[in-house]
Amino acid sequence: MTKNTEILCIGSVLWDVIGRSASHMRQGSDVPGRITRLPGGVAMNIAMTLVRFGMKPTLLTAIGRDPEGDELVHSCAMLGMVTEHIYRSDDLPTDRYMAVEGANGLIAAIADAHSLEAAGAKILRPLVQGPLGSEGAPYDGPIALDGNLTMGLLEEIAQSPAFARADLRVAPASPGKAERLLPFLQHGRATLYVNLEEAGLLCQREFGDSESAAQALMDRGALRVLVTDGGNSATEANAEGVLNRMPPPVLVTRVTGAGDTFMAAHIAAESRGAEREEALTRALHAAATYVSGETPL
Numbered sequence: 143m144t145k146n147t148e149i150l151c152i153g154s155v156l157w158d159v160i161g162r163s164a165s166h167m168r169q170g171s172d173v174p175g176r177i178t179r180l181p182g183g184v185a186m187n188i189a190m191t192l193v194r195f196g197m198k199p200t201l202l203t204a205i206g207r208d209p210e211g212d213e214l215v216h217s218c219a220m221l222g223m224v225t226e227h228i229y230r231s232d233d234l235p236t237d238r239y240m241a242v243e244g245a246n247g248l249i250a251a252i253a254d255a256h257s258l259e260a261a262g263a264k265i266l267r268p269l270v271q272g273p274l275g276s277e278g279a280p281y282d283g284p285i286a287l288d289g290n291l292t293m294g295l296l297e298e299i300a301q302s303p304a305f306a307r308a309d310l311r312v313a314p315a316s317p318g319k320a321e322r323l324l325p326f327l328q329h330g331r332a333t334l335y336v337n338l339e340e341a342g343l344l345c346q347r348e349f350g351d352s353e354s355a356a357q358a359l360m361d362r363g364a365l366r367v368l369v370t371d372g373g374n375s376a377t378e379a380n381a382e383g384v385l386n387r388m389p390p391p392v393l394v395t396r397v398t399g400a401g402d403t404f405m406a407a408h409i410a411a412e413s414r415g416a417e418r419e420e421a422l423t424r425a426l427h428a429a430a431t432y433v434s435g436e437t438p439l
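Residue numbers (the working numbering): 143 to 439.
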């Protein structure tokens, strides 16, 4: 590694457009609420939480050279992130995510990460060709990676010498992209952060609890996994065994970004030397606080 950085966040950085209502919703509902636009994306959500825990993340992503992109990059810098290695495209627009949430949780969401997918390996140039690392001098710090990259690029990352020494932490971005994480099961290189549904998609079966899901992922070749299940128990599993803990009960006011908060809080806890049980407990408390609405968006 030729340039020090505390943690890399690789993946989607975009604008979140989220409509929230206090009403119970179903398909076709038309209800009053609030619509917000704020920086989002899995990599961005993780980075924002890491900043709150005192870390300084470096973003590797694709953002357009449009007014929305300029505003987004400026927002990232103002939040305390390193933006100098972001790939800026003249041809690709800045990505967006749109979601609708009601009192009964997430109703629907659409992630438009086409520009990130189209940029492909260009976002990794600082890791492969310097200044952050290369195949001959691999980056040796923590990396938070999301599944909004293409399956081919994730397969390349799972095998690339440029990632061989990194502490790689991976999240699927959404259940619809969970199967993109299969290369990390096959090559056993990363810590995976998934929810119960995503674990089931990776294993092609249904699970009734996080513990059985975590064990199944380990049996399929995972190096280490953390499986969450909403307000039910969460499980961390590695070669040393299985750890299962309950999150604190809270009133849920929002859900978008909860998994990213859990992952970032867990990474931050371990970066400060927390042992397995303490790190899992801190992550569960951070996620519970987030969904209760007690932390800033």
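Here a beta-carbon is modelled for each residue, glycine too, at the ideal position from N, C-alpha and C.
It is roughly 14 Å from the alpha-carbon of Leu269 to the alpha-carbon of Asp309. In summary, Ala250 is exposed, with fewer than 16 beta-carbon neighbours lying within 10 Å of its beta-carbon over all protein chains present. With respect to the 9 Å criterion, Gly318 and Leu295 are not classified as neighbours on the basis of their beta carbons. Taking C-beta separations shorter than 6 Å and ignoring five residues to either side along the sequence, the partners of Glu297 in its chain run Pro325, following chain order. Here Cys218 is not near Met240, since their CB atoms are 9 Å or more apart.
Put simply, of Met293, Ile205, Val242, Ile152 the residue whose alpha carbon is nearest the alpha carbon of Pro174 is Val242. Among the bridge pairs identified by DSSP, Gly275 is matched with none. Looking at the DSSP output, Met240 sits in a beta bridge with Val159, Ile252. Put simply, the backbone Cα of Leu422 is about 8 Å away from that of Ala376. Selection Ile409, Gly206, Met197 evaluated against Leu258 yields Gly206 as nearest (Cα-Cα). For Ala300, the enclosing alpha helix (DSSP H) has its first and last residue at 293 to 301.
Taken in chain order, the unbroken stretches of alpha helix (DSSP H) that lie wholly in the region 349 to 392 and span 4 residues or more are 352 to 361.
Counted as a single uninterrupted DSSP element, the alpha helix (DSSP H) harbouring Ser217 occupies residues 209 to 220. Cβ-Cβ distances below 7 Å link Arg238 to Leu156, Trp157, Val159, Asp254 in the same chain, with the five nearest sequence neighbours on each side left out; the list follows chain order.
Burial state of Arg179 is exposed, judged by a 10 Å Cβ sphere holding fewer than 16 other Cβ atoms. With a cutoff of 9 Å on beta-carbon distance, Thr203 and Ser154 are scored as near each other. The beta carbon of Met190 is closer than 7 Å to those of Leu221 in its chain, skipping five residues each way along the sequence. Nearest Cα to Leu287 within the set Gly183, Gly373, Asp232, Gly342: Gly183. Around the C-beta of Gly399, 16 or more other C-beta atoms lie within 10 Å, and the residue is accordingly described as buried.
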